[in-house]
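Residue numbers (the numbering used here): 1 to 269.
Each residue gets a CB set at the ideal place from its N, CA and C atoms; glycine is no exception.
From a predicted model like this one, the values you see are computed outputs, not experimental measurements.
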Ligand code: GLY
């Protein structure tokens, strides 16, 4: 999940891989998962890596009727203790949300919960936070009505929102960018214009990676100068090491096969 600052990352929700995972949507990074046992092992390593970094992780049961249910990032937008429950952009994913919403309501006592409605659509994977500046991808999953609802919430919280058009050959904004720290955006060459993120606050910058390392650009920065990185993207790993970060490499091949990246599999709340 890419909507919390580093200092807000203490508790995370993940969701187990369903037995139906071989039917997950796959159009961008992968052609569909083949080895569900391996996917489960990779997902377990992810959970353990978050825990080893000091995050309190809760795992929701899988929903075997929803092959994409592990991608919890898309189902809720959590910002400064407020929760926006979007209408997911793909119809097959709409009914993944109720148990996640129930969990958040039960754990985030006092949180303001807003529900998107009507024709507004949004996947949480289209939102990226850099410190207190927000970006949203206008994508095949997130439309202008959804963006306006997010803008209203952010205006209430005093945060700025910038819109980025996602090219048709990418799924979400977080499929092509992440913030491994509160000052750095990592993004691949060739997907966005060099000024896509606009002028950044002092001390912040975009670091562009080779186009072929696009999948590696999705990282999870963690407290204590640690960062989760998908294995197999050497430029990304070297760049993050040069920033003084401790790299935790994870094999995510069977998650990538269903277009899932590291941030897709958790919600920090
Ligand atoms: N397979 C993840 C998604 O398409 O939403």
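Quiz item: Quick one: complete alpha helix (DSSP H) runs, 4+ long, within the segment 198-254?
Solution: Counting whole runs of 4 or more residues, the segment 198-254 contains the alpha helix (DSSP H) stretches 234-242.
Quiz item: Which whole runs of the alpha helix (DSSP H) in the segment 95-175 are 4 residues long or more, in chain order?
Solution: 97-107 and 144-157, all fully within the segment 95-175.
Practice problem: State whether the segment 36-48 contacts the segment 104-115, with contact taken as three or more CB pairs (one from each stretch) at a distance under 8 Å. | Solution: Two segments are said to touch when three or more pairs of C-beta atoms, one from each, lie closer than 8 Å; by this definition the segment 36-48 does not touch the segment 104-115.
Practice problem: Determine contact between the segment 182-194 and the segment 14-24, defined as no fewer than three beta-carbon pairs at a distance below 8 Å. | Solution: By the C-beta criterion, the segment 182-194 is judged not to be in contact with the segment 14-24, since fewer than 3 inter-stretch pairs fall below 8 Å.
Quiz item: Closest by CA to residue 268, which one among 245, 89, 220 and 188?
Solution: Here residue 268 is taken as the residue at index 268 of the chain shown, counted from 1. In terms of Cα proximity to residue 268, the closest of 245, 89, 220 and 188 is 220.
Quiz item: What number of angstroms, rounded off, separates the C-alpha of residue 65 from the C-alpha of residue 92?
Solution: To locate residue 65, count along the chain shown from 1; it is residue 65. To locate residue 92, count along the chain shown from 1; it is residue 92. One C-alpha to the other measures close to 10 Å.
Practice problem: Output the residue ranges of the alpha helix (DSSP H) runs that lie fully inside the segment 31-94 and measure 4 residues or longer, sorted by chain position. | Solution: Contiguous alpha helix (DSSP H) elements confined to the segment 31-94 occur at 36-52, taking only those with 4 or more residues.
Practice problem: Closer than 7 Å by C-beta to residue 49: which residues in its own chain qualify, once you throw out the five before and the five after it? Chain order, please. | Solution: Walking along the chain shown from the start, residue 49 turns up at place 49. These residues qualify, in order along the chain: 228, 248 and 250.
Quiz item: From residue 84 to residue 253, what does the alpha carbon distance come to, in whole angstroms?
Solution: Translated into the one-based positions of the chain shown, residue 84 becomes position 84. Translated into the one-based positions of the chain shown, residue 253 becomes position 253. Taking the straight line joining both Cα atoms gives about 30 Å.
Quiz item: Does the Cβ of residue 260 lie closer than 7 Å to at least one heavy atom of the ligand GLY?
Solution: As a first step, residue 260 is located in the chain shown; it is residue number 260 there, counting from the start. Taking the Cβ of residue 260 as the reference point, at least one heavy atom of the ligand GLY falls within a distance shorter than 7 Å.
Exercise. Name, in chain order, the residues that DSSP records as bridge partners for residue 193.
Key: Numbered from 1 along the chain shown, position 193 holds the residue referred to as residue 193. Answer by DSSP bridge pairing: none, since residue 193 is not bridged.
Exercise. Please confirm whether any heavy atom of the ligand GLY lies closer than 7 Å to the CB of residue 200.
Key: Position 200 of the chain shown, counting from 1, holds the residue named residue 200. Taking 7 Å as the cut-off, one finds no heavy atom of the ligand GLY near enough to the beta carbon of residue 200.
Practice problem: Give the single residue among 101, 212 and 189 whose Cα lies nearest to the Cα of residue 206. | Solution: To locate residue 206, count along the chain shown from 1; it is residue 206. Nearest option by C-alpha distance: 189.
Quiz item: Bridge partners of residue 261, per DSSP?
Solution: Counting from one through the chain shown, the residue named residue 261 turns up at place 261. In the DSSP assignment, residue 261 is bridged to no other residue.
Practice problem: To the nearest angstrom, report how far apart residue 336 and residue 31 are at their CA atoms. | Solution: This structure gives no information on residue 336, because the portion of the chain shown stretches from 1 to 269.
Practice problem: Find the nearest neighbour of residue 14 within the set 52, 94, 61 and 29, judged by alpha-carbon distance. | Solution: By 1-based counting over the chain shown, the position of residue 14 is 14. Scanning 52, 94, 61 and 29 for the CA closest to the CA of residue 14 turns up 61.
Practice problem: Put residue 6 into one of helix, strand or coil per three-state DSSP. | Solution: For the purposes of this step, residue 6 is taken as the residue at position 6 of the chain shown. DSSP places residue 6 in helix when its eight states are reduced to three.
Self-check item: Limits of the beta strand (DSSP E) - the one that residue 186 falls within
Solution: Numbered from its first residue, the chain shown carries residue 186 at position 186. From DSSP, the beta strand (DSSP E) with residue 186 extends over 184-188.
Quiz prompt | Check: residue 90 C-beta below 7 Å from any heavy atom of the ligand GLY | solution = Residue numbering aside, residue 90 sits at position 90 when the chain shown is read from its first letter. It does: the Cβ of residue 90 is within 7 Å (strictly closer) of some heavy atom of the ligand GLY.
Quiz item: Relative to the ligand GLY, is the shortest distance from any of its heavy atoms to the C-beta of residue 252 smaller than 7 Å?
Solution: Taking the first residue of the chain shown as 1, we reach residue 252 at position 252. No, the ligand GLY has no heavy atom inside 7 Å of this Cβ.
Quiz item: When you compare each of 95, 28, 184 and 12 to residue 166 by their alpha carbons, which one comes out closest?
Solution: Stepping through the chain shown from its first residue, residue 166 is reached at position 166. Closest in C-alpha terms to residue 166, from the list 95, 28, 184 and 12, comes 28.
Quiz item: For residue 260, which option in 86, 170 and 199 has the closest C-alpha, if you only look at C-alpha atoms?
Solution: As a working note, residue 260 is residue 260 in the chain shown. Comparing alpha carbon positions, the residue from 86, 170 and 199 closest to residue 260 is 170.
Exercise. Could you name the residues of the same chain whose beta carbon sits closer than 7 Å to that of residue 75, not counting the 5 residues immediately before and after it, in chain order?
Key: Numbered from its first residue, the chain shown carries residue 75 at position 75. Hits under 7 Å: 88, 96, 97, 100 and 124.
Quiz item: Are the Cβ atoms of residue 2 and residue 174 separated by less than 8 Å?
Solution: Taking the first residue of the chain shown as position 1, residue 2 is located at position 2. Taking the first residue of the chain shown as position 1, residue 174 is located at position 174. A Cβ-Cβ contact shorter than 8 Å links residue 2 with residue 174.
Quiz item: Should residue 213 be labelled buried (16 or more other beta-carbon atoms within 10 Å of its own) or exposed?
Solution: Reading the chain shown from its first residue, position 213 is the one you call residue 213. Around the beta carbon of residue 213, 16 or more other beta carbons sit within 10 angstroms, so the residue counts as buried.
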